[in-house]
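*Asks:*
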Amino acid sequence: MVPEYHGRAESVDCGTTDLTLGAPSVAGMIQIREVTKRYGTKTVVDRLSFTAKPGQVTGFLGPNGAGKSTTMRMVVGLDAPSAGDVLVNGKPYASSKAPLREIGVLLEAKAAHPGRTAVSHLLALARTHGIPRSRVDEVLGLAGLSAVAHKRVGAFSLGMGQRLGIAAALLGDPAVVMLDEPVNGLDPEGVLWVRKLLTGLAAEGRTVMLSSHLMSEVSLIADHLVIVGRGGLLADTTVAELVTAEGVRVVTPAPDALRTTIAGPGVTVTSTGAEELLVAGASARVIGLAAASRGIPLFELTPQNASLEAAFMDLTRDAVEYEASR
Amino acid sequence: MKITPGGVVAAEWTKFSSLRSTWITTGISVFLLIAFGMIASASFSGDNLTSIDLALSGSALAALSVGVLGALLGAGEYTTGMIRATFATVPRRLPVLWSKSLVAGSAAFVTMTAGTFAAFVAGSAVLNAEIGALDLGDDGVLRALLGAGLYLGLVAVLGVALGMLVRSSAGAIAILAGLLLIVPGLAALLPDSISEAITPYLPSNAGSAVMTLTHSDGTLAPWAGLAVFAGYVVVTLAATAYRLKTTDA
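Taken in sequence, the protein lines are chains A and B.
Each residue of the first sequence is one higher than the last, beginning at 1 in full-length UniProt numbering.
Each residue of the second sequence is one higher than the last, beginning at 1 in full-length UniProt numbering.
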């Protein structure tokens, strides 16, 4: 029998995060330095370097098979890097005296015994650090799982499993929260909950890192973007930087005259139709003024912004590991 | 708030006691001990048989059962994915192996010792007339009952170590059953001179030495036998510790 899920009332209340989690006592940071991971002859992560800093949400993006999960497994010491260093709060994770205090992690694959109840699962993790039972109940409430706390994990839906994983990640009130594909399997309300939770945690000064293969999902909450493909770094950037202007679309009956008028260093003009030009390196304002000064009529003058999704696709096009044949 | 040895042991106890399979396999082991002990005590007789031998005739099956319990605890971490949460929480890893062994070993020792005493008491009550009755105060009786509990506790630890070594329930159970049940049979097929030399040192034979009252040339002394069996457990634990430290989880 699958238990009915009664988490609704609690999970809608997205403002509960700051009630139970105070400011972190340790300034958190994840540093990946020249990390390489090989499985046999296959290089899964290739000289990857980046830093996730406190107070911001770092989005870790890349196509499936780009090495995101492997990198996150190396952060918490489940896999050892073939070369390079992974530091959590300035030191190797395994050397920590209170690992749950340093980093809370949700890994992509299920990490709970299906025969245990949610409470027993969290209690088993909490006891290693002497975390009290009250904290277990607290994170269960935070994740909207209080009503199913005594149900076996095996009967949980994918979304409830994700919530349990997030509850486990918050157990030690960690300085760093790292989640692998956290919104997988969550309903829209759950997705909203995760967004508010993560931005709230970053606002408290914690380091938040989440991975995804969907740009649209991450761009809403991430300040900092780390984009990987085939294990290598493709971009270490911000959302604002990634959406750079692609150019200005100009429609005019006299394309050749306009071309000579606006020609100059750094300006490239491509013809995209009989009366259409795409101008890069000059703003719409500059083009419009130049055209007016020569009396060249313009029918259209439109700045073209690359969408985030398109920018992401452009970046990762050559790095897609598993592509549908066309 | 930090990791303490006691905390890791408490966590392993929580894991151990929160699974239904723990209680089922433990219950079955105790049941096998008592049921086989009573049946054998009531019906078997022979020249060299003592009432202790009869009372503990379920110990071989109970060993298999507690070994399976240990193997499920160890390998279950891997087959369910729980190991990722476990090692992300205790990244040094080895405290998990020691604590899990301690919890499974102590729990099996306590329950199985209770089982051996119960089997002895129940077996004595239904003992057939051909066998002379023994008392708890008689020579070697306490040692045999306690030793059987210790042996079964060690078998549970062996199961945990094998489970975390091969990371598969089926694999660990197959190796365990092979070691305890099949290897002695295979050794008997060897030429007599070799067979006689190694048979006393095989895991289940060495371990059983502690629970018999009569010792022939073909068996080790009681505590020496148990020590040899403990040696096998230590070697397996060392191999498991090495694998835990050197391979990805």
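Cβ coordinates follow ideal geometry from the N, Cα and C atoms, glycine included.
Bear in mind that the values here come from a model prediction, so they are computed numbers and not experimental data.
Just to confirm the assignment: which complete beta strand (DSSP E) runs, minimum length 3, are found wholly within the segment 146-221 of chain A?
*Replies:* Within the segment 146-221 of chain A, the complete beta strand (DSSP E) runs of at least 3 residues are 176-180 and 207-212.
*Asks:* Determine, using beta carbons only, whether Met82 of chain B comes closer than 8 Å to chain A.
*Replies:* Judged by the 8 Å Cβ criterion, Met82 of chain B is in contact with chain A.
*Asks:* Reducing DSSP to helix, strand and coil, say where Arg133 of chain A ends up.
*Replies:* Arg133 of chain A falls in the helix class under three-state DSSP.
*Asks:* What is the rounded straight-line gap between the Cα of residue 276 of chain B and the Cα of Gly67 of chain B?
*Replies:* Here chain B comprises residues numbered 1 to 249, so residue 276 of chain B is not present and cannot be evaluated.
*Asks:* Closest by CA to Leu136 of chain B, which one among B:Ser29, B:Ala119, B:Met82 and B:Asn205?
*Replies:* Nearest of B:Ser29, B:Ala119, B:Met82 and B:Asn205 to Leu136 of chain B, Cα basis: B:Ala119.
*Asks:* Have a look at B:Val121, B:Tyr242, B:Val233 and B:Pro184 and flag the residue whose alpha-carbon is nearest the alpha-carbon of Thr219 of chain B.
*Replies:* Checking every option, the nearest Cα to that of Thr219 of chain B belongs to B:Pro184.
*Asks:* For the beta strand (DSSP E) that contains residue 333 of chain A, what are its first and last residues?
*Replies:* What the structure shows of chain A is the stretch from 1 to 326, and residue 333 of chain A is not part of that stretch, so it cannot be assessed.
*Asks:* Using DSSP with H/G/I as helix, E/B as strand and the rest coil, what is His113 of chain A?
*Replies:* His113 of chain A: coil per DSSP, three-state reduction.
*Asks:* Can you name the residues of chain B whose CB is closer than 7 Å to the CB of His129 of chain A?
*Replies:* Under the 7 Å cutoff, chain B gives Met1, Lys2, Ile3 and Gly7.
*Asks:* Does the CB of Pro114 of chain A have a neighbour CB from chain B at under 8 Å?
*Replies:* Yes, because at least one Cβ of chain B sits closer than 8 Å to the Cβ of Pro114 of chain A.
*Asks:* Check the Cβ of Arg20 of chain B against every Cβ in chain A and list those closer than 8 Å, keeping chain order.
*Replies:* Gly115, listed in chain order.
*Asks:* Return the chain-ordered list of same chain residues with a C-beta closer than 7 Å to the C-beta of Pro200 of chain B, the five sequence neighbours on each side being excluded.
*Replies:* Answer for Pro200 of chain B: Ala206, Gly218, Thr219 and Leu220, listed in chain order.
*Asks:* Pairs of beta-carbons, one from the segment 90-100 of chain B and one from the segment 80-99 of chain A, closer than 8 Å: are there three or more?
*Replies:* Flag = yes, the segment 90-100 of chain B and the segment 80-99 of chain A touch.
*Asks:* Would you mind reading off the limits of the alpha helix (DSSP H) that contains Asp192 of chain B?
*Replies:* Where Asp192 of chain B is concerned, the enclosing alpha helix (DSSP H) stretches over Asp192 to Ile198.
*Asks:* Excluding sequence positions up to five away, which residues of its chain have a Cβ less than 6 Å from the Cβ of Asp85 of chain A?
*Replies:* Here the set comprises Arg33.
*Asks:* Please find out if some non-hydrogen atom of the ligand ATP comes closer than 7 Å to the beta-carbon of Leu198 of chain A.
*Replies:* For the structure depicted, the ligand ATP is absent and the ligand set is empty, with no information on it obtainable.
*Asks:* Do Leu64 of chain B and Ser21 of chain B have their C-beta atoms closer together than 8 Å?
*Replies:* Cβ atoms of Leu64 of chain B and Ser21 of chain B: not closer than 8 Å.
*Asks:* Between the segment 196-217 of chain A and chain B, which residues of the former have a C-beta closer than 8 Å to a C-beta of the latter?
*Replies:* Within the segment 196-217 of chain A, no residue has a Cβ that lies closer than 8 Å to any Cβ of chain B.
*Asks:* At 8 Å on the CB atoms, spell out the chain B contacts of Ala168 of chain A, in chain order.
*Replies:* Within chain B, the residues near Ala168 of chain A are Ala85.
*Asks:* So with Cβ pairs under 8 Å, would you call Thr240 of chain B a contact of chain A?
*Replies:* No, because no Cβ of chain A sits closer than 8 Å to the Cβ of Thr240 of chain B.
*Asks:* From the DSSP output, which residues share a beta bridge with Ser271 of chain A?
*Replies:* BP columns for Ser271 of chain A point to A:Leu277.
*Asks:* Could you check whether the Cβ of Gly27 of chain B sits closer than 8 Å to any Cβ belonging to chain A?
*Replies:* So no, Gly27 of chain B is outside the interface.
*Asks:* Could you work out which residues of chain B lie near Pro182 of chain A, taking near to mean beta carbons separated by less than 7 Å?
*Replies:* Under the 7 Å cutoff, chain B gives no residues; its nearest Cβ is about 15 Å from Pro182 of chain A.
*Asks:* Nearest by alpha-carbon distance to Ile225 of chain B: which of B:Arg143, B:Tyr242 and B:Ser106 is it?
*Replies:* At residue 225 of chain B the sequence reads Gly, which differs from the Ile that was named. The shortest Cα separation from Gly225 of chain B among B:Arg143, B:Tyr242 and B:Ser106 belongs to B:Arg143.
*Asks:* Measure the C-alpha to C-alpha separation of Glu77 of chain B and Leu123 of chain A and round it to an integer number of angstroms.
*Replies:* Near 16 Å, if we compare the C-alpha coordinates of Leu123 of chain A and Glu77 of chain B.
*Asks:* Give the secondary structure of Ile262 of chain A by DSSP, where H, G and I count as helix, E and B as strand, and everything else as coil.
*Replies:* If DSSP states are grouped into helix, strand and coil, Ile262 of chain A belongs with the helices.
*Asks:* Glu102 of chain A by DSSP, collapsed to three states: which one?
*Replies:* Glu102 of chain A: helix per DSSP, three-state reduction.
*Asks:* Run through the segment 38-103 of chain A for me and flag every whole alpha helix (DSSP H) of 4 or more residues, listed as ranges in chain order.
*Replies:* As far as the segment 38-103 of chain A is concerned, its whole alpha helix (DSSP H) runs of at least 4 residues are 68-75 and 99-102.
*Asks:* Decide if Ala168 of chain A is buried, meaning its Cβ has at least 16 other Cβ atoms within 10 Å, or exposed.
*Replies:* It counts as buried.
*Asks:* Would Arg243 of chain B count as contacting chain A if we go by Cβ distances under 8 Å?
*Replies:* For Arg243 of chain B, the answer is no, since every Cβ of chain A falls outside 8 Å of its Cβ.
*Asks:* When we look at the beta-carbon of Ala9 of chain A and count the other beta-carbons within 10 Å, is it buried (16 or more) or exposed?
*Replies:* Because the pLDDT of Ala9 of chain A is 39, which lies under 50, any placement of that residue in the model is unreliable, and the number read from its coordinates should be weighed accordingly. Classification for Ala9 of chain A: exposed.
*Asks:* Using a Cβ cut-off of 8 Å (strictly closer), state whether Val90 of chain B contacts chain A.
*Replies:* It does: the Cβ of Val90 of chain B has a partner Cβ on chain A nearer than 8 Å.
*Asks:* From the DSSP output, in three-state form, read off Thr219 of chain B for me.
*Replies:* In the structure shown, Thr219 of chain B sits in coil (DSSP, three-state: anything other than H, G, I, E or B).
*Asks:* List the DSSP bridge partners of Thr255 of chain A.
*Replies:* Looking at the sequence itself, residue 255 of chain A is Pro, so the reference to Thr does not match. BP columns for Pro255 of chain A are empty, so no partner.
*Asks:* Under DSSP, the alpha helix (DSSP H) around Gly207 of chain B begins and ends at which residues?
*Replies:* It spans Pro203 to Ser208 - the alpha helix (DSSP H) in which Gly207 of chain B sits, taken as one unbroken run.
*Asks:* Tell me His224 of chain A's beta-bridge partners as DSSP assigns them.
*Replies:* For His224 of chain A, which the question treats as bridged, DSSP gives the partners A:Thr58 and A:Thr238.
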